[in-house]
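Comments concern the structure below.
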Amino acid sequence: MSRTAPHLVTLVLLTALTVLTLNMFLPALPAMQDAFGVSEQKIGLAISLYMAAAAVLQLILGPLSDRIGRRPVILAMLGIYVVASVLCLLATDITVFLIARTVQAVAVGGGILSSAIVRDLYEGRRAAAKLSLIASAMAVAPMLAPMIGGAMEVAFGWTSIFMAYAILGAALLIWCWHDLGETKVSGGIATPGISELLISPLFWSYVGVQALGVGVFYIFLTGAPFVMVDAFGLGSAQTGVVLGSTTAGFLVGAGVSARMVERLGEMRLILFGRALPVLGIGAAWVYFTLDGAALWPLLCATLCVGFGNGLSIPSAAAGALSVQPELAGSASGLSGAVVLALGAGLTAIATAVVGAETTPATLLAVMGLAALGALAFAAAARVLDKS
55 MSRTAPHLVT LVLLTALTVL TLNMFLPALP AMQDAFGVSE QKIGLAISLY MAAAAVLQLI
115 LGPLSDRIGR RPVILAMLGI YVVASVLCLL ATDITVFLIA RTVQAVAVGG GILSSAIVRD
175 LYEGRRAAAK LSLIASAMAV APMLAPMIGG AMEVAFGWTS IFMAYAILGA ALLIWCWHDL
235 GETKVSGGIA TPGISELLIS PLFWSYVGVQ ALGVGVFYIF LTGAPFVMVD AFGLGSAQTG
295 VVLGSTTAGF LVGAGVSARM VERLGEMRLI LFGRALPVLG IGAAWVYFTL DGAALWPLLC
355 ATLCVGFGNG LSIPSAAAGA LSVQPELAGS ASGLSGAVVL ALGAGLTAIA TAVVGAETTP
415 ATLLAVMGLA ALGALAFAAA ARVLDKS
């Protein structure tokens, strides 16, 4: 078996597949609804079932890769993904489509196993730097994927998107077959080792930084559209620009992290990256509680959120994977599942709270509580991490 380390671009592409599969098809949902002749709720299952399956698969694929290796899991994942994409393309029945779409969630393995591979190859600050590079490259994907999917649907119909998924999956399978050597050199892991990870306060501190940091972003994405309309009278296009502010901040923050982490260390970036959103959100909240009406303080707060996430989340991810290096796959899968589950919960909370009172101060208050939680976990990691 080849043990040649993959190129960084391979890990970026594997992570990109996760993002593209989740959101490139979203603009085509109305056309798909018409094609299958179903309700909005029914076609919406293409999102909810996918996310539920992704959460479960993260708990399976990560530990499986710890036992049998990264390469066989990724190659099998890509093979299954190609078959599922073709079935989505050919489906004429909504049930068949939804089953195949749910199976497409194996794509989530690309992201979690890329992180595990980075930890196999690098330690400490170098691992954080590589994860920051992947994160900065991938920050663009959530912005571009829906635009590409929308253009494809208009030009060629919704099935062209799933044809693209199949082609991308097949091309990546061939590429990984040649480029992706096995990076996990040790033998199988005994099951009791996973329990040591599960009871590690340090691991859960790093996971808390990631989950609540991303959670602030989810809260903003959920509540901001209502606030933009009711409080500021913005249209859809303008709201889209506002929503992109956190992604822009994240892109810059991850780029800074990639350059500075080896000089400053992971913990400094984590602490600063978690303190900055608290300060930005707090200042904006004070402004709006004093009857401020301008939009720019909210934009500044969201830029702080994005920048802080870009600084802290790659280093927190590297920290979580380093608690039990031989269980990097399990750690990546578990932390990813927690981020997704907590994100879903915070989204529901934001919908209820902001939906009842659509003001900037309310939105910022919910975001601020999550940001404070992330800062508390960062402080705990600082105390617990003796390395």
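Using this note's numbering, the letters of the sequence shown correspond one by one to residues 55 to 441.
Where a beta carbon is used, it is the ideal one built from N, C-alpha and C, also for glycine.
Annotation: the continuous alpha helix (DSSP H) that includes residue 367 extends over 350-376. DSSP places residue 235 outside both helix and strand once states are collapsed to three, so it counts as coil. In this structure, 376 is the residue among 407, 421, 276, 376 with its C-alpha nearest to the C-alpha of residue 180. Taking the C-beta atoms as reference points, residue 127 is found nearer than 9 Å to residue 119. Under the three-state reduction of DSSP output, residue 422 falls in the helix class.
Distances from the alpha-carbon of residue 311 to those of 372, 286, 349, 105 put 372 closest.
For residue 340, the enclosing alpha helix (DSSP H) covers residues 320-343. Taking the Cα of residue 315 as reference, the smallest distance to any Cα among 185, 428, 391 is reached at 185. Excluding its 5 nearest sequence neighbours in each direction, residue 220 has C-beta neighbours in its own chain below 6 Å: 136, 139, 140, listed in chain order. Within the same chain, Cβ atoms closer than 8 Å to the Cβ of residue 62 are found at 184, 187, 188, the five residues on either side in sequence being excluded.
Annotated as distal: residue 114 and residue 309, with beta-carbon spacing of 9 Å or more. The beta carbon of residue 154 sits closer than 7 Å to those of 138, 141, 142, 145, all from its chain and outside the five residues before and after it, given in chain order. By the CB criterion at 9 Å, residue 116 and residue 148 fall outside the cutoff. Of all alpha-carbon atoms in 274, 360, 295, the one lying nearest the alpha-carbon of residue 400 is that of 274.
For residue 213, the closest alpha carbon among the candidates 305, 81, 337, 297 is that of 81. Considering only 361, 88, 396, the residue with the shortest C-alpha distance to residue 265 is 396. Per the coordinates, the alpha-carbon of residue 359 lies some 17 Å from the alpha-carbon of residue 279. Across the set 282, 225, 216, 295, the C-alpha of 282 shows the shortest separation from the C-alpha of residue 347. In the three-state scheme derived from DSSP, where H, G and I count as helix and E and B as strand, residue 162 is classed as helix.
In this structure, the alpha-carbon of residue 158 lies about 25 Å from that of residue 402. Taking C-beta atoms under 8 Å as the contact rule, residue 389 and residue 261 qualify, at a distance of about 5 Å. Assigned with DSSP and collapsed to three states, residue 253 falls in coil, not helix or strand. Cβ-Cβ separation between residue 429 and residue 335: approximately 11 Å, too far for a contact (criterion under 8 Å).
Contiguous alpha helix (DSSP H) elements confined to the region 100-159 occur at 124-144, 148-157, taking only those with 4 or more residues. Uninterrupted alpha helix (DSSP H) stretches at least 4 residues long and entirely within the region 60-100 occur at 62-77, 83-90, given in chain order. Under the DSSP assignment, residue 409 falls in the alpha helix (DSSP H) whose first and last residues are 382-410.
Shortest Cα-Cα distance from residue 361 to any of 238, 412, 331 involves 331.
Within the same chain, and ignoring the five residues on either side of residue 250 in sequence, the residues whose Cβ sits closer than 7 Å to its Cβ are 378. Counting only residues of its own chain and dropping the five nearest sequence neighbours on each side, residue 424 has a CB closer than 7 Å to the CB of 266, 269, 270, 273, 400. Taking the Cα of residue 216 as reference, the smallest distance to any Cα among 415, 86, 422, 436 is reached at 86. Put simply, of 156, 415, 440, 356 the residue whose alpha carbon is nearest the alpha carbon of residue 343 is 415.
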